[in-house]
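Novice: Pasting a structure here, questions to come.
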Amino acid sequence: MVTPPKGDVLYLPVNAEGRRVADAWDPAKDEAAGEQCKGYGAPSVMHLPGRLHISWQNDTTLVVETDAGTQTRVFHFGAGSTGADQRAAPPDAPSWQGYSVAQWEFDGPTRRGRMAGGGGQPRHGSLKVETRRLRPGYFRKNGVPYGANATLTEYFTTLTDEGVDYLVVTNFLEDPQYLAQPYIRTVQFKRQADSRGWNPTACSAR
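Counting from 194, one number per residue, gives the positions in the sequence shown under the numbering used here.
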């Protein structure tokens, strides 16, 4: 991946403060501070080139691993983990991946956690994930910032085109500190039959 040049915020809805911080980006300073992963937080890591490994940790916890930056995202389902119930979550310190709560949004009844087999399942829908408690970082690797009060809302949807399965991820980043309006973008991943090409790499500040 080629990192955009310093100060390049073209088409990004940053406010004056966001532009000021982006103009001051210093990757060497991030490296010296041990913050090479500032560009690999939840608002950015899904949009970096790489592969995903998705698995259930248990019936109410979904884990998404990325080989870009060797990051792990954890999605929590169930009571106390939807919408405003973020406040009821354990008081973990802010982190690159934040605290993510998830729920299925289908045409039929809402379900929590792993989908059971059998008939009567809704045919269309998405997985909605809301992430808060983020450690401040960059939503683009050239130092375009998001702050501690940013909220990331994502919709994960599967589709099939000409026999090929895809995962489409649409995210909405809201940040009163650095954004003039929500930043919306979409990325898609092609499903593989095996783990060929899986190559976990360390974070890079550059």
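No residue lacks a Cβ here, since even glycine has one placed at the ideal position from N, Cα and C.
Might you give, ordered along the chain, the residues of its own chain that have their beta carbon closer than 7 Å to the beta carbon of Gly200, omitting 5 neighbours on each side?
Specialist: Reading the sequence shown from its first residue, position 7 is the one you call residue 200. Ala215 and Asp216.
Novice: Would the region 356–372 count as touching the region 251–268 if we require 3 or more Cβ pairs under 8 Å?
Specialist: These segments do not touch.
Novice: Alpha carbon to alpha carbon, what distance is there between Pro338 and Arg307?
Specialist: Start at 1 with the first residue of the sequence shown, and residue 307 comes out as number 114. Start at 1 with the first residue of the sequence shown, and residue 338 comes out as number 145. Each residue's alpha carbon lies about 34 Å from the other.
Novice: Taking only the alpha-carbon atoms, compute the straight-line gap between Trp391 and Phe268 and give it to the nearest angstrom.
Specialist: Residue numbering aside, residue 391 sits at position 198 when the sequence shown is read from its first letter. Residue numbering aside, residue 268 sits at position 75 when the sequence shown is read from its first letter. If you take the alpha carbons of Trp391 and Phe268, they lie about 21 Å apart.
Novice: Quick one: measure Cβ to Cβ for Arg333 and Pro287, integer angstroms, because I've assumed they're closer than 8 Å.
Specialist: Within the sequence shown, numbered from 1, the residue matching residue 333 stands at position 140. Within the sequence shown, numbered from 1, the residue matching residue 287 stands at position 94. So it is not a contact: roughly 20 Å between Cβ atoms.
Novice: List the DSSP bridge partners of Arg328.
Specialist: Here residue 328 corresponds to residue number 135 of the sequence shown, with the count starting at 1. Arg328 pairs with nothing; no bridge assigned.
Novice: Can you name, in chain order, every residue of its own chain whose Cβ lies under 6 Å from the Cβ of Gly336, other than the five neighbours on each side?
Specialist: Along the sequence shown, read from residue 1 onward, the residue named residue 336 stands at position 143. Contacts found: Ala215 and Trp218.
Novice: Have a look at Tyr331, Gln264 and Asp252 and flag the residue whose alpha-carbon is nearest the alpha-carbon of Phe270.
Specialist: For the purposes of this step, residue 270 is identified with residue 77 of the sequence shown, where counting begins at 1. Per the Cα distances, Asp252.
Novice: Decide if Met194 is buried, meaning its Cβ has at least 16 other Cβ atoms within 10 Å, or exposed.
Specialist: Counting from one through the sequence shown, the residue named residue 194 turns up at place 1. Exposed is the call here.
Novice: What separation, rounded to the nearest whole angstrom, lies between the Cα atoms of Ala373 and Thr379?
Specialist: Numbered from its first residue, the sequence shown carries residue 373 at position 180. Numbered from its first residue, the sequence shown carries residue 379 at position 186. When rounded, the distance between both Cα atoms is 19 Å.
Novice: Which residue or residues does DSSP assign as beta-bridge partners of Trp289?
Specialist: Sequence index remark: in the sequence shown, residue 289 carries index 96 (1-based). BP columns for Trp289 are empty, so no partner.
Novice: From Ala221 to Gln229, what does the alpha carbon distance come to, in whole angstroms?
Specialist: Along the sequence shown, one-based indexing puts residue 221 at 28. Along the sequence shown, one-based indexing puts residue 229 at 36. Using only the alpha carbons, I get a separation of about 9 Å.
Novice: Mapping the DSSP letters down to three states, classify Pro315 as helix, strand or coil.
Specialist: By 1-based counting over the sequence shown, the position of residue 315 is 122. Unreliable placement is indicated for Pro315, whose pLDDT of 48 sits below 50; no coordinate value is reported for it.
Novice: Does the Cβ-Cβ distance between Lys383 and Glu347 come in under 9 Å?
Specialist: Taking the first residue of the sequence shown as 1, we reach residue 383 at position 190. Taking the first residue of the sequence shown as 1, we reach residue 347 at position 154. Not in contact: Lys383 and Glu347 (Cβ atoms no closer than 9 Å).
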